[in-house]
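Let me begin by presenting the structure, written as structure tokens, before commenting on it.
Below is the structure:
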């Protein structure tokens with residue numbers, strides 16, 4: 134039971150935002166508790 138609670142403390146809630154810009158798509162993974170951007174991916178459209 135203590136082990137289960139320890140695992141739950143590492144759960145993070147994130148949201149992926151997709152922005153379509155000319156020539157590329159930008160994905161931002163945002164932490165929902167602090168609203169800070171964790172990761173940004175850019176995909177270039179050919």
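Residue numbers (the working numbering): 134 to 179.
Cβ atoms here follow ideal geometry from the backbone N, Cα and C, with glycine treated the same way.
Check whether residue i and residue j have beta carbons under 8 angstroms apart
| i | j | result |
| --- | --- | --- |
| residue 147 | residue 170 | no |
| residue 145 | residue 164 | yes |
Distance between beta carbons of residue j and residue i, contact taken as under 8 angstroms
| i | j | result |
| --- | --- | --- |
| residue 173 | residue 151 | That pair is no contact at about 11 angstroms. |
Sheet register partners of residue i (DSSP bridge)
| i | result |
| --- | --- |
| residue 153 | 158 |
Chain-order list of residues whose beta-carbon lies under 7 angstroms from that of residue i (same chain, five-residue window excluded)
| i | result |
| --- | --- |
| residue 177 | 156 and 157 |
| residue 166 | 146 |
| residue 175 | 157 and 159 |
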